[in-house]
Amino acid sequence: MEVWSLASGSSGNAFLISAGGVSVLLDAGFPARHMCSRIERAGHSPTEIGALFLTHEHSDHASGAGVTSRALKIPVVANEPTLEAARRYIGNARTAVLPTGETAEIGELEVTSFRTSHDAAEPVGYVFRHRNSKVCYVTDTGILTPEITCHFLGAQLLILESNHDPRRLAMGPYPEILKRRIASRVGHLSNATAATALAKHSEQCDPTVVWLAHLSEDNNTPSLAMECSKTALHRAGSRNVRLEVARRNVVSLRWESGENWWQGSLFG
1 MEVWSLASGS SGNAFLISAG GVSVLLDAGF PARHMCSRIE RAGHSPTEIG ALFLTHEHSD
61 HASGAGVTSR ALKIPVVANE PTLEAARRYI GNARTAVLPT GETAEIGELE VTSFRTSHDA
121 AEPVGYVFRH RNSKVCYVTD TGILTPEITC HFLGAQLLIL ESNHDPRRLA MGPYPEILKR
181 RIASRVGHLS NATAATALAK HSEQCDPTVV WLAHLSEDNN TPSLAMECSK TALHRAGSRN
241 VRLEVARRNV VSLRWESGEN WWQGSLFG
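Number 192 in the working numbering belongs to position 192 of the sequence shown; there are no gaps in the numbering.
Laid out in C-alpha cells, this is it:
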C-alpha cells in the first residue's frame with residue numbers, strides 16, 4: 001500500500017491511497033485542476049483513481065468533490081447525511097453510499113469508516129486495509145473516544161489531527177465564538193490532545209509512522225505540533241513512533257508499506 005499527502009490544512013485537504021493496482025482519493029478540498037497535477041506529482045495517473053471518499057462536507061474537504069468526480073469519472077463515496085450536506089459541492093456527480101461503520105471494497109483495497117466528533121452532518125474517519133497493511137485516518141474531531149482510538153491498533157500509518165496550540169488559539173485574533181467552536185468537543189484536536197493519545201496508545205502498537213495533519217495556519221506551527229508529540233512520547237518512554245508533519249497546499253509526504261524506516265529511535 002502507498003499513501004501520499006496531497007495537501008493538509010484548513011485551506012484544503014486530500015490524500016491518495018494506492019494498493020493492488022487501484023487508487024482512491026480521500027477528500028477533495030481544492031479544484032480538480034490542482035488535484036490532477038498533484039496526483040501526477042505523486043507519480044500516479046488520474047486515470048488510476050477509482051473513487052473519492054469524503055470525511056465530511058466542510059469546504060476544505062469537499063469543495064472540489066463534484067468537479068473532481070466528473071473530471072475523473074469516479075463516484076463520490078460517503079454516508080447519506082454527508083452526501084446530502086455536500087450537495088452544493090457535489091452537484092450532479094455520481095455518488096455511492098457507504099453507511100458509517102461499514103466496509104467498501106475497491107479492488108483489493110478495503111475501506112471502513114467510523115464516526116468522529118465534529119460539527120458536521122455525520123463526520124467520519126477511515127481505515128484502509130490491503131493484505132497485512134493498515135492505515136488509519138482521523139482528523140476534524142474535537143475528542144478522541146475509545147470508539148475512535150481502537151482503530152489506531154495495528155495501523156502502520158496513522159494520520160492524526162494536531163490542529164492547534166491552545167495558547168495561540170486563545171491569544172489569537174479569532175472571534176470568541178470561533179475559538180470556542182475550535183476548542184469544543186465537536187471542533188478540532190489540539191496538539192496536546194493528539195500528543196496524549198499518541199503516548200497512551202503507542203506502546204500497544206507495532207512500529208508506526210504518524211503524520212500530524214490538519215495544522216491550523218494561524219494557531220499552530222509544524223515545530224509546535226512536532227515538539228508537543230515528541231515530548232509526550234519521550235515522557236511515555238515510547239520508541240516505536242516516527243513523526244512527520246503533513247504540509248498545506250503541497251504534496252509533502254509519502255509512505256509505503258514494507259519500507260524499512262525503523263532505526264530504533266523516535267525520528268528517522
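Ideal Cβ placement from N, Cα and C applies to all residues, glycine included.
All figures in this text were calculated on a predicted structure; none of them were measured in a lab.
Backbone CA spacing between residue i and residue j [nearest angstrom]
{"i": "phenylalanine 202", "j": "alanine 194", "result": "The residue you asked about is not phenylalanine; residue 202 is serine in the sequence shown. Roughly 12 angstroms between the two C-alpha positions."}
{"i": "arginine 115", "j": "glutamate 40", "result": "31 angstroms"}
{"i": "threonine 68", "j": "alanine 32", "result": "5 angstroms"}
{"i": "arginine 185", "j": "arginine 88", "result": "26 angstroms"}
{"i": "tryptophan 211", "j": "histidine 188", "result": "16 angstroms"}
{"i": "glycine 9", "j": "asparagine 163", "result": "8 angstroms"}
{"i": "glycine 154", "j": "serine 257", "result": "13 angstroms"}
{"i": "alanine 78", "j": "isoleucine 90", "result": "11 angstroms"}
{"i": "threonine 47", "j": "tyrosine 137", "result": "24 angstroms"}
{"i": "leucine 44", "j": "glycine 21", "result": "It should be noted that the sequence gives histidine, not leucine, for residue 44. If I take the Cα positions, the gap works out to 11 angstroms."}
{"i": "glycine 173", "j": "threonine 141", "result": "Reading off the sequence shown, one finds proline at residue 173, where the question assumed glycine. Distance between the alpha carbons of proline 173 and threonine 141 is about 22 angstroms."}
{"i": "isoleucine 143", "j": "glutamate 108", "result": "32 angstroms"}
Residue nearest to residue i in terms of C-alpha spacing, selected from the options
{"i": "phenylalanine 30", "options": "Ala51, Val24, Ala7 and Val22", "result": "Ala7"}
{"i": "glutamine 156", "options": "Val135, Arg254 and Leu144", "result": "Val135"}
{"i": "glutamate 259", "options": "Asn249, Pro166 and Thr208", "result": "Thr208"}
{"i": "arginine 235", "options": "His34, Ala199, Glu161 and Gly91", "result": "Ala199"}
{"i": "threonine 139", "options": "Thr149, Leu153 and Pro99", "result": "Thr149"}
{"i": "serine 238", "options": "Thr221, Val251 and Ala197", "result": "Ala197"}
{"i": "phenylalanine 128", "options": "Pro146, Ile106, Ala120 and Glu122", "result": "Ile106"}
Inter-residue CB distance, residue i and residue j (contact presumed, cutoff 8 angstroms)
{"i": "serine 5", "j": "phenylalanine 15", "result": "6 angstroms"}
{"i": "isoleucine 159", "j": "alanine 213", "result": "5 angstroms"}
{"i": "serine 117", "j": "valine 124", "result": "Incorrect: roughly 11 angstroms between the Cβ atoms, too far for contact."}
{"i": "isoleucine 74", "j": "alanine 104", "result": "With a Cβ gap of about 13 angstroms, isoleucine 74 and alanine 104 do not count as contacting."}
Under 8 angstroms between C-beta atoms of residue i and residue j
{"i": "alanine 28", "j": "alanine 62", "result": "yes"}
{"i": "serine 229", "j": "leucine 243", "result": "yes"}
{"i": "histidine 130", "j": "alanine 42", "result": "no"}
{"i": "arginine 180", "j": "asparagine 219", "result": "no"}
{"i": "cysteine 205", "j": "asparagine 249", "result": "no"}
{"i": "alanine 225", "j": "valine 245", "result": "yes"}
{"i": "glutamate 102", "j": "alanine 85", "result": "no"}
{"i": "leucine 26", "j": "phenylalanine 53", "result": "yes"}
{"i": "serine 11", "j": "glutamate 161", "result": "no"}
With 16 other Cβ atoms within 10 Å as the buried cut-off, status of residue i
{"i": "methionine 171", "result": "exposed"}
{"i": "phenylalanine 267", "result": "Note that phenylalanine 267 has pLDDT 36, beneath the 50 cutoff, so the model's placement of it is unreliable and no number is given."}
{"i": "asparagine 191", "result": "buried"}
{"i": "asparagine 13", "result": "buried"}
{"i": "isoleucine 177", "result": "exposed"}
{"i": "glutamate 2", "result": "buried"}
{"i": "serine 37", "result": "exposed"}
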